[in-house]
Amino acid sequence: MDRPPAYATSRLTRSHTAHSGFARDFVEGLAAHPRRLAPKYFYDTAGSALFDHICALPEYYPTRTEIGILRACSEDIAACIGPGAQIVEFGAGSVLKIRLLLDALHSPAGFIPIDISGEHLHAAAAALQRDYPAIPIEPVVGDFTAPITLPACPAGARRVGFFPGSSLGNFEPDDAIRFLRHAAENLHGGGMLIGIDLVKDPARLHAAYNDAAGVTAAFNRNVLVRAQRELGAELAPERFAHYAFYNAPLRRIEMHLVSETSQRIVVLGRRFDFTPGDTLHTENSYKYTIDDFRELARSAGYSPGACWCDPDRSFSLHWLAMQ
Ligand code: AVJ
């Protein structure tokens, strides 16, 4: 009898933590000083589509630069990963980059994309499964910043993490170390391939998060639209301005939503007043130097190996073996 596609069975492993957490975290974040919201809440179906649009923007260099590195160095990367690997991707989104990796790998044993945006993930995983019928693809809908149960690793396979896009930059450096340590436990000693955006000219960073077409602004504001729809929040997204800047001493892009007027958000029986200029901090995106990132990986228990960059040294891909 034919085995059902792994894709169909893994729907059972979905976790709902991301949804139930939004109400609590939205209210808690508005009550905090300064006001803040975790960037994982950007990624409802509309937000995931807006993020895909960001990746194609002329100003947003990380995605196309990382894809260029993956293409140019795929043989070296495949040699580091080795044959028979089961790849676990954290925050898989539209699963585009994994295709380059799967094409280069020697007899991959499976692919587990994890993403918080269920609809988006399942559509992407189904399309990927059609193109790679021989590779078991088992999507897991969930929040990879929380403990998560993964499908089993096939006998004889070794698990390798794939964390592209510099998504690690969303963590505070201490939390990045904690995340990498946990990932190492889930990977049972396997290695990790990770994309890290590099410290560079602030003007280029600024442009990447302040695109002329206003897509990043829409992405930022979408979290308010989501609160209207999912939590019944009374608020006016268009009265919040997108504000993104490079905080050079802390080596991070900060994104905020800045109130343009005196206004009130009413949500779940609570009221939050804003005066003009009050902000809601929605994202940090940390940048690293190659040496600083390798040091961070070491303190998380990895042994940094090869590092691949584009010729401008805008972006880096790192192979982290286990110590
Ligand atoms: C998905 C976290 C890597 O920080 O560049 C893009 C998200 N925010 N534009 C990034 C994002 C605004 C992105 N990461």
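All the letters of the sequence shown, read from the start, carry residue numbers -5 to 317 under my numbering.
Where is the CB? At the ideal position from N, CA and C, for every residue including glycine.
Note that the coordinates shown come from a computational prediction; the quantities given were computed from them, not determined experimentally.
task: Grab the span of the alpha helix (DSSP H) containing D169 for me, first residue to last.
output: 167 to 180
query: Would the C-beta of S88 count as close to the ligand AVJ, meaning under 7 angstroms from any of its heavy atoms?
result: no
Straight-line gap, A178 to A146 (C-alpha atoms, nearest Å): 15 angstroms
message: Any heavy atom of the ligand AVJ closer than 7 angstroms to the beta-carbon of F213?
response: yes
- prompt: If we count the other Cβ atoms within 10 Å of its Cβ and call it buried at 16 or more, is H100 buried or exposed?
  reply: exposed
- prompt: How many whole angstroms separate the CB atoms of M249 and A238, which I take to be in contact at a CB cut-off of 8 angstroms?
  reply: 5 angstroms
message: When you compare the CB positions of A151 and A79, do they come within less than 8 angstroms of one another, or not?
response: yes
message: Within a Cβ cutoff of 7 angstroms, which residues of the same chain sit near D267, ignoring the five residues on either side of it in sequence?
response: R258
- prompt: How is the beta strand (DSSP E) around C303 delimited, first residue to last?
  reply: 296 to 303
- request: Measure the alpha-carbon distance for A315 versus H182 and round it to whole angstroms.
  value: 12 angstroms
message: Short of 6 angstroms in beta carbon distance, which residues of its chain neighbour P77, apart from the five on each side in sequence? Order them along the chain.
response: H100, S101
query: Is H100 helix, strand or coil when you go by DSSP?
result: coil
field: Short Cβ contact (8 angstroms threshold) for S111 with L94
entry: no
message: Please tell me whether, using a cut-off of 7 angstroms, the distance from the CB of I48 to the nearest non-hydrogen atom of the ligand AVJ is below it.
response: yes
task: Give me the Cα-Cα distance between D70 and I188, rounded to the nearest whole angstrom.
output: 14 angstroms
- prompt: Can you tell me the Cα-Cα spacing of M(-5) and V82, whole angstroms?
  reply: Summary for M(-5): the model assigns pLDDT 35, below 50, so the residue's position carries little reliability, and this model does not support an answer.
- prompt: So is Q123 buried or exposed if we call it buried at 16+ other beta carbons inside 10 Å?
  reply: Per the 10 Å Cβ criterion, buried.
message: Within 8 angstroms, do at least three Cβ pairs link the stretch 30 to 49 to the stretch 276 to 292?
response: yes
task: Leaving aside the five residues before and after R198 along the sequence, list all residues of the same chain whose C-beta is less than 6 angstroms from its C-beta, in chain order.
output: none
message: Taking the straight line between their C-alpha atoms, what separation do you get for G136 and F84?
response: 10 angstroms
task: Please confirm whether L51 and K91 have their CB atoms less than 8 angstroms apart.
output: no
- request: Would you kindly work out how many angstroms separate the C-alpha atoms of A212 and L96, rounded to a whole number?
  value: 33 angstroms
- prompt: Taking 7 angstroms as the cut-off, is the CB of M249 close to at least one heavy atom of the ligand AVJ?
  reply: The ligand AVJ has a heavy atom closer than 7 angstroms to the beta-carbon of M249.
- prompt: For V89, is the classification buried or exposed, using 16 other Cβ atoms within 10 angstroms of its Cβ as the cut-off for buried?
  reply: buried
- prompt: Between G163 and the ligand AVJ, is the CB less than 7 angstroms from at least one heavy atom?
  reply: At a threshold of 7 angstroms, G163 counts as near the ligand AVJ, since its beta carbon sits closer than that to one of the ligand's heavy atoms.
task: Take D191 and list the residues in its own chain whose beta-carbon comes closer than 7 angstroms to its own, dropping the five residues that flank it on each side.
output: Once the five neighbours on either side are set aside, the close Cβ partners of D191 are P56, S160, G163, K281, F309.
query: Are L174 and Y296 closer than 8 angstroms when you measure CB to CB?
result: yes
message: Taking the beta carbon of G87 as the centre, do at least 16 other beta carbons fall within 10 Å, making it buried, or is it exposed?
response: buried
field: CA-to-CA distance, I108 to P130, given in whole angstroms
entry: The alpha-carbon separation between P130 and I108 amounts to approximately 14 angstroms.
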